[in-house]
Amino acid sequence: MKKLLFAVFALLSALSAYSQYLEAGILVGGANYVGDLSNNSSTIYLKETKLAYGGFVRYNINDLFTARLGVTAGKIAGSDANVNNDQFIRERNLSVRTNILEVALIGEFNVLGYQPNGLYSPFSPYLFAGVAMTSFNPKARYQGNWIALQPLGTEGQGMPGFDSKYSKTTFSIPFGVGVKYALTDKLNIGLELGARATFTDYLDDVSGAYVSYPELLDGNGPLAAALGNRTGEYKGTEPVIVETGTQRGDSAKRDWYFVMGLTVSYNFLDNGLMGSRSRSKGRRGCYD
13 MKKLLFAVFA LLSALSAYSQ YLEAGILVGG ANYVGDLSNN SSTIYLKETK
63 LAYGGFVRYN INDLFTARLG VTAGKIAGSD ANVNNDQFIR ERNLSVRTNI
113 LEVALIGEFN VLGYQPNGLY SPFSPYLFAG VAMTSFNPKA RYQGNWIALQ
163 PLGTEGQGMP GFDSKYSKTT FSIPFGVGVK YALTDKLNIG LELGARATFT
213 DYLDDVSGAY VSYPELLDGN GPLAAALGNR TGEYKGTEPV IVETGTQRGD
263 SAKRDWYFVM GLTVSYNFLD NGLMGSRSRS KGRRGCYD
């Protein structure tokens, strides 16, 4: 316990020493996705938008450049039932939802320059880009329960002659635009819209080809066979048998997700370098 208290004290001391550069805040908004279950990566369905939220710390290098470390959580979903103009997709009859958890390191460029100090430059659009690690766990609803799909191997993963089961963690590239506004020296609000280009095609558990029902039943079990091909449910028949290798998804396109939200943040400026409007009027360099 003493070691833990010492570590906390050391961290607080370090933050205090550099507090003129720090800003902490929260984001609340929505998340959506584009992938195989959004009309084969061609449509964003606003009805599938789910809650997203997170927290972040910004290190304001100067009025133009900011570094940000953030954690964002949320949910994304997709369904073939949303598609009205493609009978093949409707008969495929797949759907998914997954929680996402993202840890991102991002750089921001404040287009107009941003200085909350004395409200010298209180408004700016900004561009951002960075790197992130995203975890996910696709699930489908079946007989009243939400079933995790990755352990099942719905496209034959884990069977002899097929790929191993995919990772539920992926790198992603976040980028986008936003605007920020300083209400006071210490309080900021903003709006941000960002895309995440992932390095996986399995946010929705759909990527390649069908495995025939009997083969999947024998290799990965009845639940994998039932959720790997759900056309029979759509038609109200017994399981529909298709040959192994028949197209199920589009492995040439990786999945994307999007986060849009409102931000509220607080500037830690209590050391006197930026906290007084009267002392800073006319000063351009609030981070000197």
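Its first residue numbered 13, the sequence shown is counted upward by one per residue in the numbering used here. Built from N, CA and C at the ideal position, the CB exists for glycine as well.
- The straight-line gap separating the alpha-carbon atoms of Ala141 and Lys247 is approximately 45 Å.
- Taking a contact to require three or more Cβ pairs closer than 8 Å, the stretch 227 to 243 and the stretch 200 to 216 do not qualify as touching.
- Put simply, the backbone Cα of Ala194 is about 8 Å away from that of Gln127.
- Leu139 is the residue among Leu139, Gly130 and Ala144 whose C-alpha sits nearest the C-alpha of Val123.
- Put simply, the stretch 144 to 161 touches the stretch 100 to 113. At least three CB pairs are less than 8 Å apart.
- With respect to Gly220, Ser263 sits close: the two C-beta atoms are nearer than 8 Å.
- Val271 is a Cβ neighbour of Gly86, given a cutoff of 8 Å.
- For Gln259, the secondary structure class from DSSP, reduced to helix, strand or coil, is strand.
- Pairing Val191 with Glu204, the inter-Cα distance amounts to about 7 Å.
- Under the Cβ criterion (8 Å, minimum of three pairs), the stretch 51 to 69 counts as touching the stretch 81 to 96.
- DSSP lists Arg109 as the beta-bridge partner residues of Ala89.
- In this structure, DSSP gives Ile101 a helical state, which the three-state scheme calls helix.
- Scanning its chain for C-beta atoms nearer than 8 Å, with the 5 sequence neighbours on each side dropped, one finds around Thr258 the residues Ala221 and Tyr222, in chain order.
- Contiguous beta strand (DSSP E) elements confined to the stretch 115 to 167 occur at 135 to 148, 151 to 154 and 157 to 160, taking only those with 3 or more residues.
- Relative to the Cα of Thr256, the nearest Cα in the group Ala89, Thr212, Phe187 and Met171 belongs to Met171.
- The shortest C-alpha to C-alpha distance from Phe280 to any of Lys198, Thr210, Gly273 and Tyr269 is the one to Lys198.
- Between Asn149 and Gln162, the C-beta spacing is below 8 Å.
- Fully contained in the stretch 215 to 280 are the following beta strand (DSSP E) runs of length 3 or more, in chain order: 268 to 279.
- For Glu120, the closest alpha carbon among the candidates Arg70, Gln99, Thr243 and Ser54 is that of Arg70.
- Inclusion of Ala64 and Gly273 in the CB contact set at 8 Å is warranted, their separation being smaller than that value.
- Annotation: Asn200 to Leu76 spans about 16 Å, alpha carbon to alpha carbon.
- Scanning Ser277, Leu164, Phe183 and Trp268 for the CA closest to the CA of Thr146 turns up Phe183.
- Leu195 carries a coil assignment under DSSP once its states are collapsed to helix, strand and coil.
- A straight-line Cα-Cα distance of about 18 Å links Gly42 and Leu49.
- For Leu58, the three-state secondary structure derived from DSSP is helix.
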